[in-house]
Amino acid sequence: MKRLARVRAGRDQRTPVTALFWRICLLNGVVFTLGTLILALSPATVSARLRLTEVPVLVIGLAVMLTANALALRTSLAPLDELVTAMRRVDPPRRAVRFDRRASGDFHRLIETFNAMLDRLEAERSAAGATALAAQEGERQRIARELHDEIGQSLTVALLRLKRVVDRAPEELRDEVTDAQETVRGCLDEVRGIASRLRPDVLDDLGLHSAVTALCHEFTRSAGISVHREVDPSISRLDPAVELVCYRIAQESLTNVLRHSGADQVSLRLAGHADSVVLRVHDNGCGGVVTEGAGIRGMRERAMLVDATLTITTSEDAGTTVELVVPVHREAHVGEPV
1 MKRLARVRAG
11 RDQRTPVTAL
21 FWRICLLNGV
31 VFTLGTLILA
41 LSPATVSARL
51 RLTEVPVLVI
61 GLAVMLTANA
71 LALRTSLAPL
81 DELVTAMRRV
91 DPPRRAVRFD
101 RRASGDFHRL
111 IETFNAMLDR
121 LEAERSAAGA
131 TALAAQEGER
141 QRIARELHDE
151 IGQSLTVALL
161 RLKRVVDRAP
171 EELRDEVTDA
181 QETVRGCLDE
191 VRGIASRLRP
201 DVLDDLGLHS
211 AVTALCHEFT
221 RSAGISVHRE
231 VDPSISRLDP
241 AVELVCYRIA
251 QESLTNVLRH
261 SGADQVSLRL
271 AGHADSVVLR
281 VHDNGCGGVV
291 TEGAGIRGMR
301 ERAMLVDATL
311 TITTSEDAGT
321 TVELVVPVHR
331 EAHVGEPV
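In the UniProt record's numbering, the protein residues as written are 1 to 338.
Right, dumping it as C-alpha cells:
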C-alpha cells in the first residue's frame, strides 16, 4: 500500500509537467498541420529550384505559423505567469491570496498544489507563532507576578520602615529620609506599572472593555497625550486569545504613537459587529511609515493567530491608522485558558 501511494504521488507530481509537454506538442502539431494544409490548398507553389518570387510566400507563411504558435502558447501558459506573480506577493507576516483554480486551465493541479502548500505553510507558521507567543505571555505573567509579589512587597516593607525612621529621625536628617521615602514610593509605583503592562489583571478579570479603558487612562497619564476613546459597551466577553490579541495590538499601537509619531491627539475605537470586532487606532502625527519594524511585524503575527486582518495606512499629512478586524465565531466562557 505504501509503495502504491508513493507511485501515485510520483504520478501526481509529474502530471503538471507531462500535461504541459503534451499541450505544447499538440499546439505545435495543430499549428504546423494547419500551415501545411493552407500551403497545400493555396495556389502558391514552390519550384524544385527556389525562385526569388517564392521567397516572400514562404517567409509570410512561416511568420504566420510562428505568430499563431506564439499566441497559442502565450494563452496556454498565461496561468504560469499569474502563478509567478502570486508567488512574489507571498509575504510571511501577511496572509497570502489564493490563486483562482477555476481560471488556471490545464494547470489546475499545479494551482491546487500551490494553494495547498500555502495552507500548510500558514498552518505551520500559525502553530509556531502561537507556541512562541504563548511562551512569551507565560513568561510575562511569571515576571509580572514576581515583580508584584516579591519586589513590590519588599519595596512596601522598605516604605513602612522609612516611615518609622522619618518619625524618629532628627530634624536635620528628616528631609533626606523623606526624599528617600519618596524615591522608594516612586520605584514601587513604577514596578506596579511595569507588572500591569506585562500582564494586566483587569483583562483576565473584567474583559477587553475595561482593559482598553484602563490602557487609555494609563497612556494619557504617563505620556501626556489625550486619547479620544470610543469603546462599544455591548461587547461581551470574547475568546481569551481574541481579547489578548486586541489588547496587545492596541498597546503596541499606542507605544508606537509615543515613540515615533510626535502626535498630540489619538483616537481609539473598539466596536462590535454581528460577526467581528473592529479595533481602530488613529493619530495626528507625522506618519509616513516606510519600513515595518519588529513591533509591526509582531502585530501582524498576532493578528494571524486569530485569523484577523490588520491594515496600517499612513501618510505625512494624515497621520497613521491601525485597524484590526477580528472575526468572532463564538463567545468563550470566562476563565477559559488561552
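Idealized CB from N, CA, C, for every residue including glycine.
Contact under 8 Å by Cβ, residue i with residue j
i, j, result
"V298", "E243", "Checking the sequence shown, residue 298 turns out to be Gly, not Val. Not closer than 8 Å, so no."
"L198", "R140", "yes"
"N256", "G224", "no"
"A195", "H148", "yes"
"N115", "R98", "yes"
"V277", "E323", "no"
"Q136", "L159", "no"
"I151", "V191", "yes"
"L27", "N69", "yes"
"G285", "S315", "no"
Supposed close pair residue i, residue j - CB separation, criterion 8 Å
i, j, result
"T213", "V231", "6 Å"
"residue 341", "V177", "The chain is shown only over 1 to 338; residue 341 falls outside these bounds and no answer can be derived."
"T320", "G287", "5 Å"
"V245", "R302", "5 Å"
"H209", "I235", "6 Å"
Nearest neighbour of residue i, chosen from the options [CA to CA]
i, options, result
"A318", "R197, T309, L34 and A263", "A263"
"L258", "H282, C246 and A130", "H282"
"P79", "I111, R98 and M65", "I111"
"R229", "E146, T131 and A271", "A271"
"V306", "V328, E323, L215 and S315", "V328"
"Q153", "L188, D167 and I24", "L188"
"E82", "L66, I60, H108 and L254", "H108"
"V227", "L268, A241, T113 and G207", "L268"
"V90", "L118, T113, T311 and P233", "L118"
"residue 342", "L215, R168, P240 and R237", "Nothing about residue 342 can be read from this structure; the chain reaches only from 1 to 338."
"H217", "G193, R237 and D205", "G193"
"D239", "L310, V64 and V326", "V326"
"V266", "H273, R280 and R185", "R280"
Proximity test, residue i beta-carbon vs the ligand MG heavy atom, cut-off 7 Å
i, result
"T156", "In the structure shown, the ligand MG is absent, as is every other ligand, since no ligand is present at all."
Residues that residue i bridges to, as DSSP identifies them
i, result
"T313", "T321"
"V326", "V277"
CB contact check: residue i to chain C, cutoff 8 Å
i, result
"R98", "Considering every chain present, this structure includes no chain C. It has just one protein chain."
4-residue-minimum alpha helix (DSSP H) runs that sit fully inside the segment 192-278, ordered along the chain: 201-206, 208-223 and 240-256
Report the residue ranges of all alpha helix (DSSP H) runs contained in full by the segment 281-307; include only those spanning at least 4 residues, in chain order. As far as the segment 281-307 is concerned, its whole alpha helix (DSSP H) runs of at least 4 residues are 294-305.
Give, in chain order, every unbroken run of the alpha helix (DSSP H) that is at least 4 residues long and sits entirely within the segment 131-169. Those alpha helix (DSSP H) runs which fall completely within the segment 131-169 and span 4+ residues are 152-168.
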